Amino acid sequence: MAEPALALEGGAPVLGRYRPLRLLGSGGSGSVWLARDERTGLDVALKIIAREGKAAARAEREAAAAARLRHPACLRAYAFARDARHVYIAYEFVPGRTFREAMRAGELCDAVAIEACAQVCDALAHAHAAGILHRDVKPSNVLLADGERVSARLLDFGLARMAEAETLTEQGDVPGTLAYISPERLAGEEANEAADVWAVGVMLWEALAGQHPFWQGSMLDTARAIERGAPPLAELRPDLPKGLLRLVDRALALDPSRRPSAAELARGLRGAATPRRRKRGRSVRVGVVVPREASRAGAAGLAAAFAGWTAAELPFYPHGWAAGLALGAAALTLVRERLGLAVALAVPVLPLGNVSSGLALLYALVALAWLALCWREPRSGLLFALGSLLAPVGALGLFPLATAGVRAPVRRAAQAALAVLAAMVVAGIRHAPLPLTGAPAPLGVGVGGATGPLDVAGSLARAAAAQSGLLVEAAALGLVALALPYARAWGRWGGAGLGALMLALTLLPVPAASALQLVAAAWITAAAVALAPPWPRARSGS
928 MAEPALALEG GAPVLGRYRP LRLLGSGGSG SVWLARDERT GLDVALKIIA
978 REGKAAARAE REAAAAARLR HPACLRAYAF ARDARHVYIA YEFVPGRTFR
1028 EAMRAGELCD AVAIEACAQV CDALAHAHAA GILHRDVKPS NVLLADGERV
1078 SARLLDFGLA RMAEAETLTE QGDVPGTLAY ISPERLAGEE ANEAADVWAV
1128 GVMLWEALAG QHPFWQGSML DTARAIERGA PPLAELRPDL PKGLLRLVDR
1178 ALALDPSRRP SAAELARGLR GAATPRRRKR GRSVRVGVVV PREASRAGAA
1228 GLAAAFAGWT AAELPFYPHG WAAGLALGAA ALTLVRERLG LAVALAVPVL
1278 PLGNVSSGLA LLYALVALAW LALCWREPRS GLLFALGSLL APVGALGLFP
1328 LATAGVRAPV RRAAQAALAV LAAMVVAGIR HAPLPLTGAP APLGVGVGGA
1378 TGPLDVAGSL ARAAAAQSGL LVEAAALGLV ALALPYARAW GRWGGAGLGA
1428 LMLALTLLPV PAASALQLVA AAWITAAAVA LAPPWPRARS GS
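Sequential numbering from 928 applies to the sequence shown in this note's numbering.
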């Protein structure tokens, strides 16, 4: 732990005023404590930085900037002091989590992300009017206060530059976090207001798309991607209003002069998020969030169902373990969604190893690949399991609608295709008719005792080839899921077109398919796309 954190462990009041209660966080140069101001009785966030190197000078600059800012979206600084060893800044304490934490937890919907970024722009407009540049706008420097209403605070003006101040960065230094730095700053130009607007644009693009527009795994590749510019947001979110898409693209214009001001961006974002009327009376608005508790509970329920069912149906685990594994997977999902997904996916490994070591190894490799694919959206990682519930009641064709909240097109298509394959596997285990076609399930696929994953893969491929109609249906529903947001952007015409596409893809290549099920599913899907309000879009973790 950093020395400033150690300095408070005794619990004595700092500067005779601030009594530490608990550590909120610490880093290489300082720490932040929840403390009680014994003069006012208020809880404060007490930031402590060692007086050495650039950290102390930046802390003093942060305090000077904060003292000049009086805006609801700027974290308020109450006091600044120093002693021989440390610099202290007392801020208002706002319970909440950062924009980054909310994105990683999958708890940002479009509307919340847009309003939070608009409030950040309000704070920047206030700072810019006071001659202050932030220069380090990023998701971890934006605090979302707890509560029903969106309330954002812009934090950490440690890299702020004031009009009359000298810079603390040395020649050639680029302040801020690389992934949110504007291309002109990378080229060595002086920071200006447009660089802060660029950073908000990156945050918004990332929140709406579910992935970073520039991050490439290395700093050099990321810098090159920034210099090339962001791809149009419409490529990943064609369902968003065109005005919003244009605004985000403007905020990420390579030419700083083409970017809107912070105040203009705030107004534009709120205008894009406000319900408005289009031709023929159709309302267009940005989607709202599925309640956090309901969304997380749904993910926990899927984890419990997947883990419990596989443990009960695949012979291996002792009697009574299925319930325990189901509860464990659900509990872990409620705490850490990625961990819950990993545990649920791991449950079948041992039972499959009881059949064939090669089958267990092949499944483990596939499960790892699936976990990697769903890493950014763990909440929907087991969505495909719904296919096994829909198939027995003849509703498997409706599964693409369940993928509406999945952001990435590839993941959306993969979920729908895997739902068909999962329903086929479950039908085989239960010796029930196969979904969509009604053909009898095969009695075996010849993998018992196989030790090599390649041998098992070959046997499974031959068994799947014998059910080529189902493979076609899996691909067809995957394409329908892929096209959902594109069709939604075109309203009723998009719904009609998607229904026609679904009929063509599912019925024409597979004459033996259940026409009644698929026609009904196509009609319902078309109606849902054409008439329903915008899809709820819950943001997942990165």
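Note that the Cβ used here is the ideal one computed from N, Cα and C, for glycine as well.
Fair warning: this is a prediction, and the values are worked out from it, not measured in the lab.
{"Item": "Nearest-angstrom Cβ-Cβ length linking residue 1047 and residue 1000, presumed shorter than 8 Å", "Value": "7 Å"}
{"Item": "Environment of residue 1068 [buried if 16+ CB atoms lie within 10 Å]", "Value": "buried"}
{"Item": "Cα-Cα separation, residue 1181 to residue 1011", "Value": "45 Å"}
{"Item": "Under the three-state DSSP convention, the category residue 1449 falls into", "Value": "helix"}
{"Item": "For residue 1235: DSSP bridge partner residues", "Value": "Per DSSP, none; premise fails for residue 1235."}
{"Item": "Simplified DSSP assignment, three categories, for residue 1025", "Value": "strand"}
{"Item": "For residue 1344 and residue 1359, the rounded distance between their alpha carbons", "Value": "20 Å"}
{"Item": "With 16 other Cβ atoms within 10 Å as the buried cut-off, status of residue 1420", "Value": "exposed"}
{"Item": "Among 1037, 1115, 995, 1026, the one whose alpha carbon lies nearest that of residue 1056", "Value": "995"}
{"Item": "The region 1106–1126 touching the region 1071–1084, judged by at least three CB pairs closer than 8 Å", "Value": "no"}
{"Item": "Residue range of the alpha helix (DSSP H) that includes residue 1169", "Value": "1169–1178"}
{"Item": "Environment of residue 1022 [buried if 16+ CB atoms lie within 10 Å]", "Value": "exposed"}
{"Item": "Selection from 1311, 1327, 1400, 1065 that minimises the alpha carbon distance to residue 1349", "Value": "1311"}
{"Item": "Close Cβ partners of residue 868 (< 7 Å) along its chain, the five nearest in sequence each way excluded", "Value": "No information on residue 868 is available, as it lies outside the stretch 928 to 1469 that the chain covers here."}
{"Item": "Among 1040, 1284, 1416, 1128, the one whose alpha carbon lies nearest that of residue 1077", "Value": "1040"}
{"Item": "Inter-residue Cα distance where the pair is residue 1172 and residue 1327", "Value": "25 Å"}
{"Item": "Reference residue 1412, options 1002, 1164, 1362, closest by Cα", "Value": "1164"}
{"Item": "Cβ-Cβ distance between residue 1253 and residue 1244 below 7 Å", "Value": "no"}
{"Item": "Residue 1355, DSSP secondary structure in three states", "Value": "helix"}
{"Item": "Residue 1111 to residue 1062 span [Cα, whole Å]", "Value": "13 Å"}
{"Item": "Sheet register partners of residue 1308 (DSSP bridge)", "Value": "Answer is none; residue 1308 lacks a bridge partner."}
{"Item": "Alpha carbon of residue 1273 to alpha carbon of residue 1175, nearest angstrom", "Value": "40 Å"}
{"Item": "With 16 other Cβ atoms within 10 Å as the buried cut-off, status of residue 1304", "Value": "buried"}
{"Item": "Closer than 6 Å: residue 1237 CB and nearest the ligand GTP heavy atom", "Value": "Looking for the ligand GTP in the displayed structure turns up nothing, as the structure carries no ligands at all."}
{"Item": "Which of helix, strand or coil DSSP assigns to residue 1246", "Value": "coil"}
{"Item": "Contiguous alpha helix (DSSP H) assignments of at least 4 residues, all confined to the region 1113–1162", "Value": "1120–1136, 1146–1155"}
{"Item": "DSSP state of residue 959 mapped onto helix, strand, coil", "Value": "strand"}
{"Item": "Own chain partners of residue 1440 with C-beta closer than 8 Å, once the 5 adjacent residues on each side are dropped", "Value": "1363, 1364, 1396, 1400, 1433, 1434"}
{"Item": "Status (buried if at least 16 other CB within 10 Å, exposed otherwise) for residue 1133", "Value": "buried"}
{"Item": "Run of the alpha helix (DSSP H) containing residue 1400, from where it starts to where it stops", "Value": "1395–1416"}
{"Item": "Contacting residues, own chain, Cβ-Cβ under 7 Å from residue 1090 (five flanking each side not counted)", "Value": "Annotation note: pLDDT 43 at residue 1090 (below 50); position unreliable, no value reported."}
{"Item": "Residues sharing a beta bridge with residue 946, DSSP", "Value": "963"}
{"Item": "Coarse secondary structure for residue 1009, derived from DSSP in three states", "Value": "strand"}
{"Item": "Alpha-carbon spacing of residue 1206 relative to residue 1338, whole angstroms", "Value": "Confidence is the limiting factor: at residue 1206 the pLDDT is only 42, short of 50, which leaves the residue's position unreliable, though a coordinate-based value still follows. Taking the straight line from one Cα to the other gives about 33 Å."}
{"Item": "Exposed unless 16 or more other CB atoms sit within 10 angstroms - verdict on residue 997", "Value": "exposed"}
{"Item": "Residues sharing a beta bridge with residue 1076, DSSP", "Value": "In DSSP, residue 1076 forms no bridge with anything."}
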